[in-house]
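Letter by letter, the sequence shown follows residues 1 to 280 in full-length UniProt numbering.
Backbone N, C-alpha and C define an ideal beta-carbon position, used for all residues, glycine too.
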Amino acid sequence: MEKFELLNNNYMDMVMNYLNKKYIENTFIINFIEKYGLNNKMFCKKSGDYYGYFVDERLMGVFCFTNMGSFICHYDDDTILNKIVLLKAFKKYKPKYMFGVKKIITPIWKRLEKVFKWYEYDECDYMILSKENFEDFSTDRKIINAKNYDFSKSIDFLIEVEKAFNRKPKTVNELKNSVYEKDGEEEYLYLLDEGKIVSQAVVTTTTSKINQIEGVYTLPDYRGNGYAKAIVAKLCKNIIEKNKKPALIVSKSNAAAKKAYKDLGFEYYDDYIMSEIDVV
Numbered sequence: 001m002e003k004f005e006l007l008n009n010n011y012m013d014m015v016m017n018y019l020n021k022k023y024i025e026n027t028f029i030i031n032f033i034e035k036y037g038l039n040n041k042m043f044c045k046k047s048g049d050y051y052g053y054f055v056d057e058r059l060m061g062v063f064c065f066t067n068m069g070s071f072i073c074h075y076d077d078d079t080i081l082n083k084i085v086l087l088k089a090f091k092k093y094k095p096k097y098m099f100g101v102k103k104i105i106t107p108i109w110k111r112l113e114k115v116f117k118w119y120e121y122d123e124c125d126y127m128i129l130s131k132e133n134f135e136d137f138s139t140d141r142k143i144i145n146a147k148n149y150d151f152s153k154s155i156d157f158l159i160e161v162e163k164a165f166n167r168k169p170k171t172v173n174e175l176k177n178s179v180y181e182k183d184g185e186e187e188y189l190y191l192l193d194e195g196k197i198v199s200q201a202v203v204t205t206t207t208s209k210i211n212q213i214e215g216v217y218t219l220p221d222y223r224g225n226g227y228a229k230a231i232v233a234k235l236c237k238n239i240i241e242k243n244k245k246p247a248l249i250v251s252k253s254n255a256a257a258k259k260a261y262k263d264l265g266f267e268y269y270d271d272y273i274m275s276e277i278d279v280v
């Protein structure tokens, strides 16, 4: 017997046991659930609706549609991809973003591409760093917590970051929240050159086992100085001190970044897809 049903916190133990079997590739979804639970907190962008695919009462897949328009999932039985209920869910929620390891995302593309009016994607490497492989790297430039820098002097840099990542424009308050609204082990670091912000790196995705480094960026005129490598190394040290593994996602086309991360000891884990979609 098969069923596809909305989950709630009563399923927490079952869902976490299922996802933790592949805890590295499920970092995003575990992060959301550990922080916000399975019940949808409508006021929270990173919360959402979670569906479980069951075969003979055994959980075989978890599918999440977040309030910020993202879709993430994990499944063991691809039979669900042929089910009309999944197609209906996509049409109901109309996610704008879909991401995950390639072996999970590609079959979904093939089954559901008819409901995509438009899409673009980036093929990436998911990389993991073990404590034993870490090769530290430092700079004489100052690295600080972003919360300790005068926000009014950081606005131009933050706007540049948003443009570089092709994100939709944010208000000043939204930019401020992105810096100051950090929970628990989330971190936002700046690297300063003569007092000016020239590089950043962020940890916003955290689980009980992994802290994921994101948003690594250096202003074009300051590249080639090892600034991004140094600020990522600083985050790695902080993460390892918490007895966790650092992880990150890097575009396959970004050879310079991949080399820097490998120099720090990061190793390739799996192919990863980051995509933006428009559902009919």
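Comparing C-alpha distances from Phe-151 to each of Phe-165, Asp-140, Glu-174 and Phe-134 shows the shortest one belongs to Glu-174. DSSP links Val-202 through a beta bridge to Tyr-188 and Glu-214. Taking C-beta separations shorter than 7 Å and ignoring five residues to either side along the sequence, the partners of Glu-276 in its chain run Lys-96, Tyr-97, Tyr-119 and Glu-120, following chain order. Rounded to whole angstroms, the Cβ separation of Tyr-222 and Ser-199 is 7 Å, and the two are in contact under 8 Å.
Rounded to the nearest angstrom, the gap between the Cα atoms of Lys-182 and Val-202 is 10 Å. In this chain, Ala-247 is not harboured by any alpha helix (DSSP H); it is covered by the beta strand (DSSP E) spanning 245-251. Looking at Cys-64, Lys-258, Phe-134 and Phe-43, the one whose alpha-carbon comes closest to that of Leu-19 is Cys-64. With respect to the 7 Å criterion, Phe-90 and Tyr-53 are not classified as neighbours on the basis of their beta carbons. With respect to the C-alpha of Thr-66, the residue from Arg-58, Ile-84, Val-85 and Asn-31 having the closest C-alpha is Asn-31. Contact annotation: Val-280 and Lys-117 have beta-carbon atoms nearer than 7 Å.
Here Met-14 has Leu-59 as same chain residues with Cβ atoms under 6 Å from its own Cβ, once five neighbours each way along the sequence are excluded.
When C-alpha distances from Thr-139 are compared across Val-55, Tyr-227 and Lys-168, the shortest belongs to Tyr-227. In this structure, the CA atom of Ile-155 is about 13 Å from the CA atom of Tyr-180. For Ile-105, the three-state secondary structure derived from DSSP is helix. Of the candidates Ile-197, Thr-27 and Cys-124, Thr-27 places its Cα closest to the Cα of Gln-212. Ser-70 counts as buried, since no fewer than 16 other beta carbons sit within 10 angstroms of its beta carbon. DSSP places Asn-145 within a strand segment (E or B) once states are collapsed to three.
When C-beta atoms of the stretch 126-133 are compared with those of the stretch 229-249, three or more pairs fall below 8 Å, so the two segments count as touching. By the beta-carbon neighbour count (other beta carbons within 10 angstroms, threshold 16), Pro-246 is buried. The criterion of a C-beta distance shorter than 7 Å is satisfied by Ile-29 and Ile-72.
If you look at Thr-27, you'll find it in the alpha helix (DSSP H) that goes 27-36. Within the same chain, Met-127 and Ile-213 come within 6 Å of Leu-248 by CB-CB distance, once the 5 residues on both sides are set aside. Counting only runs of 4 or more residues that sit fully inside the stretch 119-187, the alpha helix (DSSP H) segments are 155-164 and 172-180, in chain order. When secondary structure is reduced to three states using DSSP, Phe-90 falls in the helix class. Looking at the DSSP output, Arg-58 bridges to Val-55. Distances from the CA of Glu-135 to each of Leu-6, Tyr-11, Gly-224 and Lys-229 were compared; the closest alpha carbon is that of Lys-229.
The beta carbon of Leu-38 sits closer than 7 Å to those of Leu-7, Asn-8, Asn-9, Tyr-11, Met-12, Val-15 and Tyr-50, all from its chain and outside the five residues before and after it, given in chain order. In summary, Thr-106 is exposed, with fewer than 16 beta-carbon neighbours lying within 10 Å of its beta-carbon over all protein chains present. Per DSSP, the beta bridge partners of Gly-100 are Ile-273.
Less than 7 Å divides the Cβ of Leu-191 from the Cβ of Arg-141.
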